[in-house]
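Since the structure comes first, as structure tokens, the remarks are kept for the end.
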């Protein structure tokens with residue numbers, strides 16, 4: 001006790017010149033070598049001789065020391081829930097508020113259909129379509145039987161587009177579930193899903209022959225694109241996209257040695273696979289033979305390395321479509337098969353605009369297809 005009184009007198013004696021001293025004592029030691037007692041003081045300590053109640057009297061030591069704090073520290077202490085949400089995330093409270101703002105609108109009805117996270121159901125007859133355009137078109141074209149739509153948690157730059165996809169899912173009675181990005185990555189094998197995956201029945205080749213209208217048969221713009229052995233899904237998707245954009249009437253493909261119509265093809269085609277039918281043939285030779293007997297022009301394609309003086313090779317810019325035409329495109333590795341090559345009435349090539357370095361004399365099949373389609377359809381008679 002004597003040690004405490006002594007230390008307290010020394011403390012007051014050191015500040016006799018001050019009328020008041022605002023201190024915040026965190027710890028006050030009883031003795032130099034014994035235990036310590038926690039002490040917190042939030043009131044001003046006055047010198048005993050100061051009898052005045054005026055705490056605002058002037059002093060050269062008037063300015064008091066205030067520990068430096070972050071400007072938002074008080075808010076954090078008073079309200080622990082006010083902690084800043086990590087960048088790129090949306091708090092659950094804000095997300096709930098956003099949903100309630102649309103409670104009476106169509107968007108509100110969409111959001112009420114969204115359920116908590118769960119894994120997709122296993123099914124041999126179902127596949128995962130991924131990406132905004134493929135999912136939206138799969139829901140609107142009614143060529144698939146959708147099961148569930150999976151939407152990434154949180155908000156992204158394409159919120160309005162995703163809401164539109166959800167609206168179409170609600171109209172079709174499709175269950176909607178929010179899942180994490182990791183779940184979506186796993187569902188589509190790490191491909192670019194844009195925050196959406198749709199579990200639905202697969203699409204396949206159309207194998208039933210459908211008769212063409214008289215307008216299609218007699219039109220100078222009638223053009224079928226025949227694919228022989230295209231195996232890369234990215235190439236197939238790009239070909240579908242170009243063919244649809246440029247106005248091809250039908251796409252035909254071999255079934256056994258070509259890439260199937262997978263979700264990757266749909267994503268690479270920007271959803272065109274969901275809109276445009278692809279006809280599959282187990283024997284392209286028979287189909288080409290029938291069309292040739294009907295008066296169709298069979299046009300093949302070759303690269304520069306395949307050109308020879310014996311073959312009738314024409315630059316694509318010199319050819320003009322004057323009747324219904326089949327344009328045959330070969331696969332990535334070897335081009336047209338020999339049996340289809342022999343059935344062609346004429347062979348087209350794309351001439352380069354420069355001297356090419358050895359080893360880079362060819363084009364990607366999807367790029368070459370786009371160039372040839374544009375050349376044929378823009379120069380055909382009556383266009």
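In full-length UniProt numbering, the protein residues as written are 1 to 383.
Quick reminder that beta carbons are idealized off the backbone N, C-alpha and C, glycines included.
How is residue i classed by DSSP in three states: helix, strand or coil?
i, result
"residue 274", "helix"
"residue 22", "Model confidence at residue 22 stands at a pLDDT of 42, short of 50, so the residue's coordinates are unreliable; what they give is reported in the following sentence. Reduced to three states, the DSSP call for residue 22 is coil."
"residue 301", "strand"
"residue 245", "helix"
"residue 197", "strand"
"residue 314", "strand"
"residue 391", "Any question about residue 391 goes unanswered here, given that the chain covers just 1 to 383."
"residue 264", "helix"
"residue 331", "strand"
"residue 178", "strand"
"residue 186", "helix"
"residue 208", "coil"
"residue 127", "strand"
"residue 228", "strand"
"residue 348", "strand"
"residue 280", "strand"
"residue 289", "helix"
"residue 147", "strand"
"residue 137", "helix"
"residue 326", "strand"
Of the residues the options, which one's Cα is nearest the Cα of residue i?
i, options, result
"residue 150", "144, 131, 141, 140", "131"
"residue 234", "269, 350, 283", "269"
"residue 204", "281, 292, 195, 140", "281"
"residue 125", "326, 145, 161", "145"
"residue 201", "174, 290, 253", "174"
"residue 375", "318, 142, 163", "318"
"residue 384", "163, 259, 245", "Outside the shown range of the chain (1 to 383) lies residue 384, about which nothing can therefore be said."
"residue 366", "328, 358, 294, 342", "328"
"residue 198", "185, 239, 138, 186", "138"
"residue 161", "194, 292, 172", "194"
"residue 292", "254, 339, 345, 341", "345"
"residue 196", "210, 227, 169, 209", "169"
Among the residues of its own chain, which have a CB less than 6 Å from the CB of residue i, if the five just before and after it don't count?
i, result
"residue 243", "225, 251"
"residue 207", "280"
"residue 237", "265, 268, 269"
"residue 227", "253, 329"
Assuming residue i and residue j are in contact, meaning their beta carbons sit under 8 Å apart, how far apart are those beta carbons, in whole angstroms?
i, j, result
"residue 402", "residue 377", "A query on residue 402 cannot be resolved here, the shown segment of the chain reaching from 1 to 383 and no further."
"residue 302", "residue 333", "Not quite, the Cβ-Cβ distance comes to about 14 Å (not below 8 Å), so this is no contact."
"residue 326", "residue 350", "With a Cβ gap of about 18 Å, residue 326 and residue 350 do not count as contacting."
"residue 320", "residue 380", "6 Å"
"residue 337", "residue 229", "7 Å"
"residue 295", "residue 323", "6 Å"
"residue 343", "residue 298", "6 Å"
"residue 164", "residue 136", "7 Å"
Spatial neighbours of residue i within its chain, please: CB distance less than 8 Å, with the 5 preceding and 5 following residues excluded, ordered by chain position.
i, result
"residue 153", "117, 178, 179, 180, 181"
"residue 263", "127, 128, 129, 130, 134, 188"
"residue 141", "274, 275"
"residue 256", "282"
"residue 185", "193"
"residue 14", "Here the model assigns residue 14 a pLDDT of 48, short of 50, so the residue's position is not dependable and the matter cannot be decided."
In its own chain, which residues sit with a C-beta less than 7 Å from the C-beta of residue i, not counting the 5 before and 5 after it?
i, result
"residue 241", "269, 270, 272"
"residue 261", "203, 204, 205, 273, 278"
"residue 249", "216, 222, 223, 224"
"residue 231", "258, 259, 331, 332"
"residue 313", "302, 307, 347, 349"
"residue 315", "349, 351"
"residue 341", "300"
"residue 363", "350"
"residue 356", "none"
Nearest chain B C-beta to residue i closer than 8 Å, yes or no?
i, result
"residue 364", "Checking the listed chains, one finds no chain B in this structure; it contains a single protein chain."
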